[in-house]
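*Asks:*
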Amino acid sequence: MSGSEGLVSRLPNDIGGLTAGSIARVEHELEPWEKRCHALADVLDFKKLINTEEKRRGVEALGSDMIGQLAYYERWIVAFANIFFAKGILTPTELAEKMAEVEARHIAGR
Amino acid sequence: MAHEHEHDHDHPHAEISVSEMPGYYEVMETAIRELLIDKQLITGNDIRHQIEVLDSRTPALGAKVVARAWVDAAFRERLLADGRAACEELGISFYDDTRLIVLENTETVHNLIVCTLCSCYPRPVLGLPPDWYKLKPYRARAVSEPRIVLAEFGTIIPDDVEVRVSDSTAAVRYLVLPRRPEATDDYSEEQLAALVTRDAMIGVIPVTLGMEN
Amino acid sequence: MPNHLPTQSRIPGIVPALNEWPSFSPGDRVRVATRSPIGHYRVPVYLRGMTGTVVSIIEPVMVDNETEGYGQNAGSRRHYYRVSFRLRTIWAAYSGAPADELRIEIFETWLERI
Numbered sequence: 001m002s003g004s005e006g007l008v009s010r011l012p013n014d015i016g017g018l019t020a021g022s023i024a025r026v027e028h029e030l031e032p033w034e035k036r037c038h039a040l041a042d043v044l045d046f047k048k049l050i051n052t053e054e055k056r057r058g059v060e061a062l063g064s065d066m067i068g069q070l071a072y073y074e075r076w077i078v079a080f081a082n083i084f085f086a087k088g089i090l091t092p093t094e095l096a097e098k099m100a101e102v103e104a105r106h107i108a109g110r
Numbered sequence: 111m112a113h114e115h116e117h118d119h120d121h122p123h124a125e126i127s128v129s130e131m132p133g134y135y136e137v138m139e140t141a142i143r144e145l146l147i148d149k150q151l152i153t154g155n156d157i158r159h160q161i162e163v164l165d166s167r168t169p170a171l172g173a174k175v176v177a178r179a180w181v182d183a184a185f186r187e188r189l190l191a192d193g194r195a196a197c198e199e200l201g202i203s204f205y206d207d208t209r210l211i212v213l214e215n216t217e218t219v220h221n222l223i224v225c226t227l228c229s230c231y232p233r234p235v236l237g238l239p240p241d242w243y244k245l246k247p248y249r250a251r252a253v254s255e256p257r258i259v260l261a262e263f264g265t266i267i268p269d270d271v272e273v274r275v276s277d278s279t280a281a282v283r284y285l286v287l288p289r290r291p292e293a294t295d296d297y298s299e300e301q302l303a304a305l306v307t308r309d310a311m312i313g314v315i316p317v318t319l320g321m322e323n
Numbered sequence: 324m325p326n327h328l329p330t331q332s333r334i335p336g337i338v339p340a341l342n343e344w345p346s347f348s349p350g351d352r353v354r355v356a357t358r359s360p361i362g363h364y365r366v367p368v369y370l371r372g373m374t375g376t377v378v379s380i381i382e383p384v385m386v387d388n389e390t391e392g393y394g395q396n397a398g399s400r401r402h403y404y405r406v407s408f409r410l411r412t413i414w415a416a417y418s419g420a421p422a423d424e425l426r427i428e429i430f431e432t433w434l435e436r437i
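Protein chains in written order, with the working numbering: chain A, 1 to 110; chain B, 111 to 323; chain C, 324 to 437.
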C-alpha cells in the first residue's frame with residue numbers, strides 16, 4: 001500500500017462528507033470575463049463541442065494543486081484549453097500566440 | 111485533499127477600470143473565444159446572446175413559480191409531477207437538457223439541495239448560484255450534517271420533521287417549494303412572490319414575512 | 324448485471340431497444356456497487372456499497388454521464404433512478420433524526436437489486 005491510491009481513486013472534487021469549516025456567506029457579482037466564460041460553456045455544451053460532463057472531467061483532471069489555487073471560472077477556462085488541445089481543435093502554440101496578441105493589444109491601447 | 115480557495119478574485123471591484131490590464135485567465139478566455147470564432151465553431155453572437163439569456167435568469171423567476179404553486183393547487187400538482195414542463199407553462203424556458211424536480215416542504219419534510227461533486231443548480235429558473243453554494247464547507251457538510259448546516263443559516267428543524275438532502279449528480283436539478291407563511295391569505299400572487307428568496311428555494315431558510323425583496 | 328423483467332404491460336411482438344425498459348421499480352431495495360473507478364465518476368465515494376430504496380425512475384433514458392465526460396454524446400442510454408438513503412446508514416456518527424434522508428440520481432449500471 002503506497003498510500004497514494006486515495007489520490008487516484010478519489011476525485012479531488014468528491015468532498016461529500018469530508019470535514020470542513022463554517023460556511024462563509026460569500027458571493028460576488030460575476031466579472032465580465034467570468035460571465036463570458038459561463039456563456040462560452042453553455043454555447044460549447046449546446047453545440048456539443050465540449051459537453052458539460054466533459055467540462056467537469058476536464059476540471060477534475062487539473063489535479064488537486066490547480067483546483068486548490070485556481071478560482072471557479074479560472075478552472076473552467078484552463079480545462080477548456082486542455083480539452084480543445086486533446087480534440088485537436090486548438091494547439092498550444094496557437095493559443096499561446098493568440099494570448100500574446102491579446103496582451104499586446106491591451107498594452108498598445110493604453 | 112486540496113482545500114478550496116475561499117475567494118474568487120484578487121482585487122476589489124472598485125479598482126477595476128477600462129485601462130486595467132486583463133488578468134491571465136481573462137486573456138486566455140479572450141484568446142480561446144477569438145480562435146473559436148475565427149475557426150467558425152462559434153460566433154460572437156452566440157456568446158452575446160447567451161449572456162443575455164443568463165442575465166434574464168434570476169431568483170424572481172423561481173419566486174413566480176413558488177407563488178403560483180401556492181395559489182393554484184392544480185398548477186402545484188403539475189409542478190410536482192414535472193418541474194420543467196410547469197416552468198415552461200409560465201414562459202420560463204430551459205436552455206439546456208436538464209430536468210427539474212420540485213421538492214415540496216411540508217409539515218413533515220424539509221428539503222435542501224446541494225451538489226457535492228461540483229455546482230449543479232437550477233440555473234434556468236434561479237440564475238447563477240452564490241459562491242458559498244460552490245465552496246467546500248457547504249458541499250462537504252450539507253450531506254453529512256444538514257441540521258448543523260441549517261442552524262448556521264439560522265434554521266432549526268424540529269426532530270419530528272424529516273430533513274431530506276438532494277445531491278445533484280446527473281441531469282436533474284432541484285428547486286425547493288418552501289412552505290407558505292401564515293397570515294398571507296389576503297396576499298396577491300405578486301406580494302407572495304416578493305417574499306420568496308433564493309436561499310428559501312435552495313432550502314437553507316424558510317419564507318417568512320418581513321423579508322420582502 | 325441482472326436485467327429484470329419490467330412490470331409494465333407490453334404488446335406481444337414489440338422488441339424494445341437495448342436497455343430501454345427500466346430494470347428497477349419504485350420501492351426496490353438496491354445496493355450501490357463497490358467498484359472504484361479512476362478517471363471520471365459521478366457516484367460519490369460516500370455512497371459506495373450503500374443500500375437504499377428506489378424513489379422514482381427518471382425518464383427518459385439518458386447517456387451514461389461517466390462516458391459522456393469523455394465525449395460520448397449519444398448511445399448506450401439507460402435509466403437514472405432517484406434513490407433514497409437514510410443518513411444514519413451512510414454516516415456512522417450521524418447526529419440528526421433517524422428519518423433524515425439523502426436522495427440522489429444514480430445510473431442503472433451502478434445499482435444491483437438486493
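In this text, a Cβ means the ideal position worked out from N, Cα and C, and glycines have one as well.
Using the three-state DSSP reduction, which class does B/Asp118 fall into: helix, strand or coil?
*Replies:* For the purposes of this step, residue 118 of chain B is identified with residue 8 of the second sequence, where counting begins at 1. Legend: pLDDT at B/Asp118 = 44, less than 50; position of this residue unreliable, value from coordinates given subsequently. Three-state result, B/Asp118: coil.
*Asks:* From A/Ile50, A/Ile67, A/Arg75 and A/Glu74, pick the residue whose C-alpha is nearest to that of A/Ala86; which is it?
*Replies:* Translated into the one-based positions of the first sequence, residue 86 of chain A becomes position 86. The option with the nearest alpha carbon to A/Ala86 is A/Ile50.
*Asks:* Going by the beta-carbon positions, is the gap between B/Ala293 and B/Leu319 smaller than 8 Å?
*Replies:* In the second sequence, residue 293 of chain B corresponds to position 183, counting from 1. In the second sequence, residue 319 of chain B corresponds to position 209, counting from 1. Contact flag set, yes.
*Asks:* Kindly provide the ranges of any alpha helix (DSSP H) runs that are 4 or more residues long and lie completely inside the region 257-296 of chain B, ordered along the chain.
*Replies:* Runs of the alpha helix (DSSP H) inside the region 257-296 of chain B: none found.
*Asks:* With distances taken Cα to Cα, identify the nearest neighbour of B/Tyr284 among B/Arg194, B/Arg251 and B/Tyr205.
*Replies:* Mapped onto the second sequence, residue 284 of chain B falls at position 174. Out of B/Arg194, B/Arg251 and B/Tyr205, B/Arg194 has the C-alpha closest to the C-alpha of B/Tyr284.
*Asks:* If we define contact as Cβ-Cβ less than 8 Å, is B/Ser203 a contact residue for chain A?
*Replies:* For this step, residue 203 of chain B is matched to residue 93 along the second sequence. It does not; no Cβ of chain A falls within 8 Å.
*Asks:* Check whether the Cβ atoms of B/Met273 and C/Gly419 sit closer than 8 Å, and answer yes or no.
*Replies:* Locating residue 273 of chain B in the second sequence gives position 163, where the first residue counts as 1. Locating residue 419 of chain C in the third sequence gives position 96, where the first residue counts as 1. The amino acid occupying residue 273 of chain B in the given sequence is Val; Met does not appear at that position. Result yes, Cβ atoms of B/Val273 and C/Gly419 sit closer than 8 Å.
*Asks:* For a contact meaning CB atoms closer than 7 Å, what does A/Val8 contact in chain C?
*Replies:* Indexing the first sequence from 1 puts residue 8 of chain A at position 8. Simply Ile361.
*Asks:* If we count the other Cβ atoms within 10 Å of its Cβ and call it buried at 16 or more, is A/Ala79 buried or exposed?
*Replies:* Reading the first sequence from its first residue, position 79 is the one you call residue 79 of chain A. Its Cβ being crowded by 16 or more others within 10 Å, A/Ala79 is buried.
*Asks:* Buried or exposed for B/His220, please, with buried defined as at least 16 other CB atoms from any protein chain shown within 10 angstroms of its CB.
*Replies:* Position 110 of the second sequence, counting from 1, holds the residue named residue 220 of chain B. The residue in question, B/His220, is buried, as its Cβ has 16 or more Cβ neighbours within 10 Å.
*Asks:* Closest by CA to A/Ser9, which one among A/Leu90, A/Ala61, A/Glu34 and A/Ala20?
*Replies:* Against the first sequence, residue 9 of chain A aligns to sequence position 9. Taking only the C-alpha atoms, the option nearest A/Ser9 is A/Ala61.
*Asks:* Can you tell me the Cβ-Cβ gap for B/Val181 and B/Leu287, rounded? I've got them flagged as a contact below 8 Å.
*Replies:* Translated into the one-based positions of the second sequence, residue 181 of chain B becomes position 71. Translated into the one-based positions of the second sequence, residue 287 of chain B becomes position 177. Rounded, the Cβ-Cβ distance is 13 Å, inconsistent with contact.
*Asks:* Please classify B/Leu238: does DSSP put it in a helix, a strand, or coil?
*Replies:* Numbered from its first residue, the second sequence carries residue 238 of chain B at position 128. Three-state DSSP puts B/Leu238 in coil, outside helix and strand.
*Asks:* Could one say the Cβ of B/Ser229 lies closer than 8 Å to chain C's Cβ atoms, at least one of them?
*Replies:* On the second sequence, residue 229 of chain B is found 119 positions in, with the first residue counted as 1. No, no contact with chain C.
*Asks:* Can you tell me whether A/Arg36 is buried or exposed? The criterion is at least 16 other CB atoms within 10 Å of its CB, across all chains shown.
*Replies:* Within the first sequence, numbered from 1, the residue matching residue 36 of chain A stands at position 36. By the neighbour-count rule (16 or more Cβ atoms within 10 Å), A/Arg36 is buried.
*Asks:* Would the beta-carbon of C/His402 fall within 8 Å of that of C/Pro367?
*Replies:* Counted from its first residue, the third sequence places residue 402 of chain C at position 79. Counted from its first residue, the third sequence places residue 367 of chain C at position 44. Contact: no.
*Asks:* Closest by CA to B/Ala250, which one among A/Ile15, A/Gly3 and A/Leu11?
*Replies:* Residue 250 of chain B sits at position 140 when you count from the first residue of the second sequence. Here the closest residue by C-alpha is A/Ile15.
*Asks:* Which residue or residues does DSSP assign as beta-bridge partners of B/Asn221?
*Replies:* Counting from 1 along the second sequence, the entry for residue 221 of chain B is found at position 111. DSSP output for B/Asn221 lists B/Arg274 as bridge partner(s).
*Asks:* Give the secondary structure of A/Val43 by DSSP, where H, G and I count as helix, E and B as strand, and everything else as coil.
*Replies:* Within the first sequence, numbered from 1, the residue matching residue 43 of chain A stands at position 43. A/Val43: helix per DSSP, three-state reduction.
*Asks:* Just reading off the beta strand (DSSP E) that B/Val253 is part of, what are its end residues?
*Replies:* The residue given as residue 253 of chain B occupies position 143 in the second sequence. Segment: none, B/Val253 is in no beta strand (DSSP E) and carries neither H nor E.
*Asks:* Which word fits B/Ala196, buried or exposed, when buried means at least 16 other C-beta atoms lie within 10 angstroms of its C-beta?
*Replies:* Position 86 of the second sequence holds residue 196 of chain B. When all chains shown are included, B/Ala196 counts as buried.
*Asks:* Can you give the Cα-Cα distance for B/Pro268 and C/Leu341, rounded to whole angstroms?
*Replies:* On the second sequence, position 158 is the one that residue 268 of chain B refers to. On the third sequence, position 18 is the one that residue 341 of chain C refers to. Cα to Cα, the separation comes out at about 47 Å.
*Asks:* Since C/Thr374 is in the alpha helix (DSSP H), which residue starts that stretch and which ends it?
*Replies:* Here the question's residue 374 of chain C lines up with position 51 in the third sequence. No alpha helix (DSSP H) holds C/Thr374; the beta strand (DSSP E) holding it covers Thr374 to Met385.
*Asks:* In the DSSP assignment, what are the bridge partners of C/Tyr404?
*Replies:* In the third sequence, residue 404 of chain C corresponds to position 81, counting from 1. Note: C/Tyr404 sits in a beta bridge opposite C/Ile380 and C/Ile429.
*Asks:* Reducing DSSP to helix, strand and coil, say where B/Leu210 ends up.
*Replies:* If you number the second sequence from 1, residue 210 of chain B lands on position 100. It is a strand residue.
*Asks:* C/Leu434 lies in the beta strand (DSSP E); which residues open and close that run?
*Replies:* Mapped onto the third sequence, residue 434 of chain C falls at position 111. C/Leu434 -> beta strand (DSSP E) spans Leu434 to Arg436.
*Asks:* Name, in chain order, the residues that DSSP records as bridge partners for C/Val355.
*Replies:* Within the third sequence, the letter at position 32 stands for residue 355 of chain C. Answer is C/Leu434, bridged to C/Val355.
*Asks:* I need the boundaries of the alpha helix (DSSP H) containing B/Cys197, first residue and last residue.
*Replies:* Position 87 of the second sequence, counted from the first residue, corresponds to residue 197 of chain B. From DSSP, the alpha helix (DSSP H) with B/Cys197 extends over Gly193 to Glu199.
*Asks:* Could you check if B/Tyr134 is buried or exposed, using at least 16 other CB atoms within 10 Å of its CB as the buried criterion?
*Replies:* As a first step, residue 134 of chain B must be located in the second sequence, where it is residue number 24. Counting Cβ neighbours within 10 Å, B/Tyr134 comes out exposed, since fewer than 16 surround it.
*Asks:* Please name the residue, chosen from A/Glu5, A/Gly3, A/Asn13 and A/Ser4, that lies closest to A/Gly68 on a Cα-to-Cα basis.
*Replies:* Here residue 68 of chain A is taken as the residue at index 68 of the first sequence, counted from 1. Comparing Cα-Cα distances from A/Gly68 to each of A/Glu5, A/Gly3, A/Asn13 and A/Ser4, the minimum goes to A/Asn13.
*Asks:* Would you tell me roughly how many angstroms separate the C-alpha atoms of B/Met111 and A/Leu90, rounded to the nearest one?
*Replies:* Residue numbering aside, residue 111 of chain B sits at position 1 when the second sequence is read from its first letter. Residue numbering aside, residue 90 of chain A sits at position 90 when the first sequence is read from its first letter. With a pLDDT of 39 at B/Met111, under the threshold of 50, the predicted position of this residue should be treated as unreliable, and no value is reported.
*Asks:* At the 8 Å Cβ level, is A/Ile50 part of the contact set with chain B, yes or no?
*Replies:* Mapped onto the first sequence, residue 50 of chain A falls at position 50. No, no contact with chain B.
*Asks:* Looking at the strands, I want to know which residues DSSP matches up with C/Arg409.
*Replies:* Numbered from 1 along the third sequence, position 86 holds the residue referred to as residue 409 of chain C. Answer by DSSP bridge pairing, in chain order: C/Glu424.
*Asks:* In chain A, what lies closer than 9 Å to C/Asn342 by C-beta?
*Replies:* The residue you call residue 342 of chain C lines up with position 19 of the third sequence. Ordered by position in chain A, no residue passes the 9 Å Cβ test against C/Asn342, which lies about 19 Å from the chain.
*Asks:* How about the region 240-258 of chain B and the region 380-392 of chain C: do they share at least three Cβ pairs that are nearer than 8 Å?
*Replies:* The region 240-258 of chain B vs the region 380-392 of chain C: no contact.
*Asks:* Between the beta-carbon of C/Val353 and the beta-carbon of C/Arg371, is there less than 8 Å?
*Replies:* Residue 353 of chain C sits at position 30 when you count from the first residue of the third sequence. Residue 371 of chain C sits at position 48 when you count from the first residue of the third sequence. Taking 8 Å as the Cβ cut-off, C/Val353 and C/Arg371 do not qualify as a contacting pair.
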